[in-house]
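Colleague: Per the working numbering, the sequence shown starts with residue 10, numbered consecutively.
I have a structure I would like to understand better, so I am pasting it below and will then ask my questions one at a time.
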Amino acid sequence: MRSHGFTLIEVLIVISIIAILLAIAIPSYQGVIRRGQATAAQSHNQVVRLAVQQWLGFNPARSAATLSGTDCAQPTTLGTSGATSGYVQGTLGWPAPRGSVTCSLQGSGRTFSVTTAGGGKTYVNGAEQ
């Protein structure tokens, strides 16, 4: 006569199947996370570069040197006071990036460099390094 419940062998088989599935899924999931962070870093690099280009375009008397050292991983609003174009509406700037992305901004005169990193990849002015 068989009692109700599972035998030790049945429980061990189920646990081993779950362990095998986790051994396959966890590395795959970590790869997806890395690729997502790299994509977020590249996207944030483009957002920051566009905002700075617009800011310099609307403010020809300004220099990118005033933005040097800016931690562009933080949400930032660029001032548009003194803009020579009447087309400035709203604010220029960028939101904080998603995920663990680092960002730095360096510039002098009318040239600047945006460096972002995430997911093991680094982007300088949109190009992977």
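Virtual Cβ for every residue (Gly too), placed ideally from N, Cα, C.
Have a look at the DSSP bridge pairing and note the partners of Glu137.
Modeller: Within the sequence shown, numbered from 1, the residue matching residue 137 stands at position 128. Glu137 is bridged to Tyr132.
Colleague: May I have the straight-line CA-CA distance separating Ile26 from Arg43, to the nearest angstrom?
Modeller: Reading the sequence shown from its first residue, position 17 is the one you call residue 26. Reading the sequence shown from its first residue, position 34 is the one you call residue 43. Put simply, the backbone Cα of Ile26 is about 27 Å away from that of Arg43.
Colleague: Where Gly78 and Val41 are concerned, what is the direct C-alpha to C-alpha distance, given to the nearest angstrom?
Modeller: As a working note, residue 78 is residue 69 in the sequence shown. As a working note, residue 41 is residue 32 in the sequence shown. Whole-angstrom Cα-Cα distance: 31 Å.
Colleague: With a cut-off of 8 Å on the beta carbons, I'd call Thr125 and Asn54 a contact; round off their distance for me.
Modeller: Within the sequence shown, the letter at position 116 stands for residue 125. Within the sequence shown, the letter at position 45 stands for residue 54. Confirmed, Cβ separation roughly 4 Å.
Colleague: Could you name the residues of the same chain whose beta carbon sits closer than 6 Å to that of Gly116, not counting the 5 residues immediately before and after it, in chain order?
Modeller: Taking the first residue of the sequence shown as position 1, residue 116 is located at position 107. The answer, listed in chain order, is Ala73, Ala74, Leu76 and Ser77.
Colleague: When you compare each of Ala34, Ile35, Thr86 and Ser113 to Gln51 by their alpha carbons, which one comes out closest?
Modeller: As a working mapping, residue 51 is identified with position 42 in the sequence shown. Of Ala34, Ile35, Thr86 and Ser113, the residue nearest in Cα terms is Ser113.
Colleague: Three-state secondary structure (DSSP) at Ser94?
Modeller: Locating residue 94 in the sequence shown gives position 85, counting from the first residue. With a pLDDT of 48 at Ser94, under the threshold of 50, the predicted position of this residue should be treated as unreliable, though the coordinate-derived value follows. Ser94: coil per DSSP, three-state reduction.
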